[in-house]
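Here our numbering runs 255 ahead of the position in the sequence shown, where the first position is 1.
Even glycine gets a Cβ: it sits at the ideal position worked out from N, Cα and C.
The structure displayed is predicted, hence computed values, not measured ones.
Here the structure is laid out as structure tokens; the discussion comes afterwards.
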Amino acid sequence: MSSLPFLPFTRPSLDEATIAAVGDVLRSGWLTSGPKMQAFEAALSDYCGGRTVRAFNSGTATLEIALRLAGVGAGDEVITTPLTWVATANVILEVGARPVFADIDPATRNIAADKLAAAVTPRTRAIIPVDLAGLPADRDAIYAIAGQHRLRVIEDAAQSLGASWHGKPIGSFGDFVSFSFHANKNLTTGEGGALVLPPDVDPALCERLRLQGVARSPSGDMDVDVLGGKFNLTDIAAVIGLGQLPHLSAFTARRRALARRYFELLDPRLGLALPLADFENSNWHMFQALLPAGADRGAFIAAMKARGIGVGVHYPALHLFSLYRRLGWKEGDFPIAEDVGRRIVTLPLFPAMADGDVDRVCSALSEILERR
Ligand SMILES: *Cc1c(COP(=O)(O)O)cnc(C)c1O
């Protein structure tokens with residue numbers, strides 16, 4: 256139906272120098288974790304104001320290891336949002352703890368501070384706030400609640416690298432901060448992640464948990480004193496991250512400009528609920544709108560696809576997935592997250608998009624939604 260090239264909802268921006276650097280690693284004879292991973296960790300640490308950063312092979316692994324480093328396990332509760340990528344809650348189950356969900360604030364679509372506070376019990380050990388679409392969850396409120404109840408905070412900042420809070424980059428302050436470098440994230444290594452460590456955590460323990468619990472001494476001796484996994488980042492991936500990082504602020508600026516254009520061009524009469532218009536803190540990882548109540552999302556996505564435009568769904572409320580229903584959650588538990596999760600769509604937004612691509616998406620929205 257459309258003669259224009261397909262416009263995906265996201266696409267990574269990789270320059271030729273980065274692609275060539277991957278070739279250099281492949282020719283170097285050292286493919287797995289080595290000098291490139293260490294250089295990437297150092298560059299991330301610089302970005303995070305000198306804090307200790309360790310790289311991982313996914314953002315899911317960083318969250319799981321952060322929970323282990325925080326001492327979270329069987330019998331503990333961890334509070335998080337039901338409106339996130341399912342990894343956020345899966346890792347809580349993975350370490351044997353129980354997720355406790357608190358409903359979202361409809362304006363930010365992030366965990367609501369009052370509901371978070373009300374969910375704290377004597378068994379609560381940690382909070383995992385999520386910065387949906389790159390809009391930071393309320394750090395002031397979250398750290399106030401954590402301080403009051405002596406809870407650890409593991410910031411799931413998978414989507415918010417490049418975002419900030421009161422002028423401070425996400426990652427440069429706080430307790431544990433977890434990033435993902437999945438292909439769809441604002442900075443990618445194909446697959447990968449990084450964990451910013453608080454000062455009371457031993458980086459050597461983090462490294463052992465990352466790789467089979469192995470500790471090597473300079474004399475060549477080896478010991479294993481803790482059960483670790485297989486979560487290390489390859490140099491092939493790390494060199495991609497090294498090529499991406501210098502572009503991060505330009506990526507964020509371009510995303511913000513495209514988001515502004517959506518706000519300018521979207522017809523308010525279409526009945527879409529737009530995201531919070533934040534141009535201070537958010538890195539605009541995604542531009543997400545809610546379809547009018549009762550709209551058929553599947554039909555909408557198909558109609559956009561017929562016009563050559565990709566639309567994503569991030570995310571249905573996760574407590575309604577079969578696994579979580581089997582654990583006791585049900586419809587009506589978190590009504591705001593459920594409503595948002597049923598209506599939300601992710602429109603195309605990535606740094607290489609042209610202004611005209613936003614115009615094209617807005618015209619398609621007008622055609623499709625006015626026809627309903
Ligand atoms: C992407 C993502 C993760 C997981 O990261 P992976 O690198 O895919 O393992 C966790 N939480 C959120 C909110 C994410 O968007």
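For Leu387, count neighbouring C-beta atoms within 10 Å of its own C-beta (all shown protein chains included) and say buried if the count is 16 or more, exposed if not.
-> Working through the sequence shown from its first residue, we reach residue 387 at position 132. Classification for Leu387: buried.
Candidates Val568, Ile564, Pro590, of which the one nearest His574 by Cα | For the purposes of this step, residue 574 is taken as the residue at position 319 of the sequence shown. Checked all of Val568, Ile564, Pro590; the closest Cα to His574 is Pro590.
According to the Cβ coordinates, are Phe429 and Glu446 closer than 8 Å?
-> Position 174 of the sequence shown, counted from the start, is the residue given in the question as residue 429. Position 191 of the sequence shown, counted from the start, is the residue given in the question as residue 446. Looking at the sequence itself, residue 429 is Gly, so the reference to Phe does not match. When the beta-carbon positions are compared, Gly429 and Glu446 stay at least 8 Å from each other.
Ligand 1 heavy atom lying under 7 Å from the CB of Glu446 | In the sequence shown, residue 446 corresponds to position 191, counting from 1. Yes, the beta carbon of Glu446 sits closer than 7 Å to at least one heavy atom of ligand 1.
Go ahead and pull the three-state DSSP assignment for His574.
-> Indexing the sequence shown from 1 puts residue 574 at position 319. Judged by DSSP in its simplified three-state form, His574 adopts helix.
Is DSSP giving Arg627 helix, strand or coil here?
-> Walking along the sequence shown from the start, residue 627 turns up at place 372. Bear in mind that a pLDDT of 47 at Arg627, under 50, signals an unreliable position, so the model cannot answer this.
What are the boundary residues of the alpha helix (DSSP H) that includes Thr317?
-> For the purposes of this step, residue 317 is identified with residue 62 of the sequence shown, where counting begins at 1. Element bounds for Thr317: 314–324.
3-residue-minimum beta strand (DSSP E) runs that sit fully inside the segment 402–441, ordered along the chain = Entirely contained in the segment 402–441, the beta strand (DSSP E) runs reaching 3 residues are, in chain order, 407–411, 431–435.
Minimum length 3: unbroken beta strand (DSSP E) runs contained in the segment 539–597 = Complete beta strand (DSSP E) runs here, min 3: 542–545.
Report all residues from its chain with a CB closer than 7 Å to the CB of Ser288; omit the five preceding and five following residues, and keep chain order.
-> Position 33 of the sequence shown holds residue 288. Correct list, in chain order: Asn487, Leu488, Thr489, Asp490.
Considering only the beta carbon of each residue, do Ala321 and Ala352 sit closer than 8 Å?
-> Translated into the one-based positions of the sequence shown, residue 321 becomes position 66. Translated into the one-based positions of the sequence shown, residue 352 becomes position 97. Cβ atoms of Ala321 and Ala352: not closer than 8 Å.
Quick one, which of Pro530, Glu271, Thr335, Val613 has its alpha-carbon nearest Pro603's?
-> Translated into positions along the sequence shown, residue 603 becomes position 348. Ranking the options by Cα distance to Pro603, first place goes to Val613.
If you draw a straight line from the alpha carbon of Leu348 to that of Met541, how long is it in whole angstroms?
-> To locate residue 348, count along the sequence shown from 1; it is residue 93. To locate residue 541, count along the sequence shown from 1; it is residue 286. Met541 has its alpha-carbon roughly 27 Å from the corresponding atom of Leu348.
Determine the DSSP secondary structure at Phe356, reduced to helix, strand or coil.
-> Translated into positions along the sequence shown, residue 356 becomes position 101. Looking at Phe356 - three-state DSSP - the assignment turns out to be strand.
Provide the residue span of the beta strand (DSSP E) that contains Ile382, from first to last.
-> What you label residue 382 is simply residue 127 of the sequence shown in a count that begins at 1. Residue range 379–383 is occupied by the beta strand (DSSP E) that includes Ile382.
Touch test, the segment 518–525 against the segment 471–486, Cβ-Cβ under 8 Å, three pairs minimum = Counting C-beta pairs with one atom in each stretch, the segment 518–525 and the segment 471–486 have fewer than three that are closer than 8 Å, which means they do not touch.
Please find out if some non-hydrogen atom of ligand 1 comes closer than 7 Å to the beta-carbon of Lys440.
-> Sequence index remark: in the sequence shown, residue 440 carries index 185 (1-based). Under cutoff, so the answer is yes.
Over what stretch of residues does the beta strand (DSSP E) that includes Gly448 continue unbroken?
-> Sequence index remark: in the sequence shown, residue 448 carries index 193 (1-based). In this chain, the beta strand (DSSP E) harbouring Gly448 covers 448–452.
Thr379 to Glu625, Cα distance in whole Å?
-> Position 124 of the sequence shown, counted from the first residue, corresponds to residue 379. Position 370 of the sequence shown, counted from the first residue, corresponds to residue 625. For Thr379 and Glu625, the distance between alpha carbons rounds to 48 Å.
Throw me the rounded Cβ distance for the Val346 and Thr315 pair, which I believe falls under 8 Å.
-> Translated into positions along the sequence shown, residue 346 becomes position 91. Translated into positions along the sequence shown, residue 315 becomes position 60. At roughly 6 Å, the Cβ-Cβ gap stays under 8 Å, so Val346 and Thr315 are in contact.
Taking only the alpha-carbon atoms, compute the straight-line gap between Thr317 and Ala399 and give it to the nearest angstrom.
-> If you number the sequence shown from 1, residue 317 lands on position 62. If you number the sequence shown from 1, residue 399 lands on position 144. When rounded, the distance between both Cα atoms is 24 Å.
Consider the C-beta atom of His437 and the heavy atoms of ligand 1; say whether any pair is separated by less than 7 Å.
-> To locate residue 437, count along the sequence shown from 1; it is residue 182. Flag set: Cβ of His437 near ligand 1.
Is any heavy atom of ligand 1 found at a distance shorter than 7 Å from the C-beta of Gly314?
-> Indexing the sequence shown from 1 puts residue 314 at position 59. Yes.
Leaving aside the five residues before and after Asp270 along the sequence, list all residues of the same chain whose C-beta is less than 7 Å from its C-beta, in chain order.
-> Here residue 270 refers to the residue found at position 15 when the sequence shown is read from its first residue. Cβ contact annotation for Asp270 (same chain, cutoff 7 Å, sequence separation greater than five): Gly498, in chain order.
Under 7 Å from any heavy atom of ligand 1, does the C-beta of Gln414 make it?
-> The count along the sequence shown starts at 1 and reaches residue 414 at position 159. Of the heavy atoms belonging to ligand 1, at least one sits nearer than 7 Å to the Cβ of Gln414.
Quick one: is Ala367 buried, meaning 16 or more other Cβ sit within 10 Å of its Cβ, or exposed?
-> Taking the first residue of the sequence shown as 1, we reach residue 367 at position 112. Ala367 comes out buried.
Which class does Ala607 belong to by DSSP, given the choice of helix, strand or coil?
-> Stepping through the sequence shown from its first residue, residue 607 is reached at position 352. In the structure shown, Ala607 sits in coil (DSSP, three-state: anything other than H, G, I, E or B).
Answer yes or no: the CB of Ala275 versus the heavy atoms of ligand 1, is any distance below 7 Å?
-> If you number the sequence shown from 1, residue 275 lands on position 20. For ligand 1, not one heavy atom lies less than 7 Å from the Cβ of Ala275.
Beta-carbon gap between Arg465 and Phe605 smaller than 8 Å = Start at 1 with the first residue of the sequence shown, and residue 465 comes out as number 210. Start at 1 with the first residue of the sequence shown, and residue 605 comes out as number 350. Contact: no.
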